[in-house]
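Quick note: the sequence shown, position 149, residue 154 per my numbering, numbers continuous.
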Amino acid sequence: MIRIAHISDTHITQDPAFKSYAYDLIVNEVNRSDFDLVIHTGDVTNQGLKEEYEHASYLIRKIEKPLIVLPGNHDARNVGYELFEKYIGPLYGVYERDDLVIIWIDSTIPDLSDGRVGGYKFRWLKEKLEEYSHKKFKIVAAHHHLVPLPDTGRERNVLYNAGDVLDLLLRHEVNLYLCGHKHVPNVYSIEDLVVVNAGCTSCRKTRKGDVNSYNIIKLNGDGRIDVTIRRVTGDEEKKSYKSVKPKLFIPKGKHLLRIVQMSESNVSDRIYFRKRVLENAIRAINEKYKPDLVIHCGDIVDVGIERYYEAAAGYYEKIKAEKMIVPGHNDITYLGYDLFKEYFGEPEIKEFGDFVFIPLLTAQYETPIGVVGRMGQRLLKSLLEEHKEKFTAVVMHHNLIPIPRSRELGFLEDAGNVLKILTEERTELVMTGHGGNAFGVRIERTPIVNAGSVSWELQRDPFGNSFNLIDIYEDMIVAFEIQATWGSRKLLGIWKIKTEVPWKNNG
Ligand SMILES: [Fe+2]
Ligand SMILES: [Fe+2]
């Protein structure tokens, strides 16, 4: 077993923003316990100043264990990244020990709070992951978070290319991603990757009245990963994950429902709108796939004008299956909000036996940034609570997980809170449709599937325009991406449904 103490965001400075008693308390606790190593995920100092680095290099040496320290945005301020190397250590590197490798990387951007693992850094990370692919435990650490976090106010400052980084880590079967930055301790599993955010170890700036904390991570011989968030008050939160390998699932239960999920048709007379591709997709959906429900996750028109809505309604009335269409930000431009209601109606909750589909409105005027809002979050929570005996699926336009090949700037400003509600309230499936690329992952126990664009040339999927085919079995959810012109398939995910869910015992 390997035991790691994960500290972060010490924000060492001379003023009272730095809580030296919390730092000493945690460091003493760490020194007294049997940790094999300590990792600090950045914001060692508060402003990246020389006097702070001098003080920090003294305080850091109080840790009597092998130590990895990586830079945060605060360390990079005032060209502090130069001082970091002088006083603390290398900005990126590799630590090896038995069957463990830790690859740490500098995700900071000079003078910005945002993060990035772009260009050469991304290539370096990829090379290192290939080089150490034989290791049983692969850990990647950087300062910035990878998926939206709850209780952070406006959800911002994720890695610009979080989608590419997430995709890379999943492809290389990385076991753990360690980060800090938002001062909110949190643990999520994304497929078999455990993403651990540290709270802040010794900074005054905690959120929602929280106290200072650090994480205890245990890597067990059988592959299980235990994470404990330990606060200075002695309170602990524990989570434990075991990966399933090899992943070979075959649905054994009855087939219950088939969904076709589409997005970003962007019906218009612009050159980027591929009319034939959309017609072909609709024909294939009617004749070949014959779903029970077609879900369109937004941007059905390119611009909210009557002519486009009339054309869009013409295409979509040809679909024989039941439909659920939620608006995207393109749909509500100009007169779009009224036209959407006129042509497609206000999205409403749909029930099919034990299945409930809840549409969530996220689009705002004149901005690609979406919001559910505090009232919307409350409503969502109560709807999920009300229908908890059923299979609950949530449908929305904006993506909740970062999408590969897109720039992630928090397209849903409260994505962190929404994601927390969805994962905690037993949501069985989430369907989103922003970002122009198909992608599917399970976070905790909730599969989240994003649809690429079905007929818009400006998209990010090398597979081409596509829609998703989601089959729900008694014991499994299987999602494929279907190429809209040729009909070829790509697996997005296969997710087991836990046996104890109540909706299965209703009938
Ligand atoms: Fe910080
Ligand atoms: Fe930070």
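Note that the Cβ used here is the ideal one computed from N, Cα and C, for glycine as well.
Backbone secondary structure at Ala-10 - three-state DSSP
strand
Could you check whether the Cβ of Asp-116 sits closer than 7 Å to any heavy atom belonging to ligand 2?
no
I'd like to check one pair, Gly-498 with Ala-484: are the Cβ atoms closer than 8 Å?
yes
Environment of Gly-492 [buried if 16+ CB atoms lie within 10 Å]:
exposed
Is Gly-512 helix, strand or coil by DSSP?
For Gly-512, the predicted model reports a pLDDT of 45, less than 50, meaning its position is unreliable; a value from the coordinates is still stated below. Correct three-state label for Gly-512: coil.
Uninterrupted beta strand (DSSP E) stretches inside the region 422-500 (no shorter than 3 residues):
434-437, 444-448, 451-455, 471-478, 481-488
In chain order, which continuous runs of the alpha helix (DSSP H) of length 4 or greater are located wholly inside the region 319-358?
341-349
Check the DSSP bridge columns for Met-267 and list the partner residues they point to.
His-301
May I ask you to verify whether the region 149-156 touches the region 417-430, counting CB pairs closer than 8 Å and requiring at least 3?
yes
Check whether the Cβ of Gly-303 sits closer than 7 Å to any heavy atom of ligand 1, and report yes or no.
no
Which one of Asn-335, Leu-171, Tyr-339 has the shortest CA to CA distance from Ile-149?
In the sequence as displayed, the identity of residue 149 is His instead of Ile. It is Leu-171 whose Cα lies nearest to the Cα of His-149.
If you draw a straight line from the alpha carbon of Cys-184 to that of Leu-388, how long is it in whole angstroms?
33 Å
Name all residues in chain order for which at least one heavy atom of ligand 2 lies closer than 5 Å to the residue's CB.
Asp-48, Gly-77, Asn-78, His-186
Member of Gly-441, Arg-236, Ser-471, Ile-426 whose CA lies at the smallest distance from the CA of Glu-449
Ile-426
Ligand 1 and Cys-184: does the residue's C-beta get closer than 7 Å to at least one heavy atom of that ligand?
no
Which one or two residues does DSSP pair with Arg-102 in a beta bridge?
Leu-105
In its own chain, which residues sit with a C-beta less than 7 Å from the C-beta of Asp-116, not counting the 5 before and 5 after it?
Arg-82
Any non-hydrogen atom of ligand 1 closer than 7 Å to His-150 Cβ:
no
To the nearest angstrom, report how far apart Phe-278 and Tyr-313 are at their CA atoms.
11 Å
Within a Cβ cutoff of 6 Å, which residues of the same chain sit near Lys-141, ignoring the five residues on either side of it in sequence?
Asp-104
Shorter than 7 Å, the distance from the beta carbon of His-16 to the closest heavy atom of ligand 1, or not?
yes
Using only alpha-carbon positions, find the residue among Glu-284, Asp-297, Tyr-348, Arg-275 that is nearest to Tyr-320.
Glu-284
Sorry if obvious, but does the Cβ on His-45 come closer than 7 Å to a heavy atom of ligand 1?
no
I'd like to check one pair, Lys-143 with Val-106: are the Cβ atoms closer than 8 Å?
yes
Lys-295 burial status per 10 Å Cβ neighbour count (16 or more: buried):
exposed
Give me the DSSP bridge partner(s) of Tyr-246.
Ile-230
Just checking His-188 against ligand 1 - is the residue's beta carbon closer than 7 Å to any of the ligand's heavy atoms?
yes
Tell me whether Lys-133 is buried or exposed, calling it buried when 16 or more other Cβ atoms sit within 10 Å of its Cβ.
buried
Distance between Leu-417 and Phe-444 (C-alpha atoms, nearest Å)
17 Å
If you draw a straight line from the C-alpha of Phe-362 to the C-alpha of Tyr-92, how long is it?
55 Å
What distance in whole Å lies between the Cβ atoms of Ser-273 and Asp-307, which are believed to be in contact at a cut-off of 8 Å?
4 Å
Start-end ranges of the alpha helix (DSSP H) lying completely within the region 145-198, minimum 4 residues:
167-176
Gly-226 versus Val-249: straight-line alpha-carbon distance, rounded
15 Å
C-beta atoms of Lys-247 and Gly-228 nearer than 8 Å:
yes
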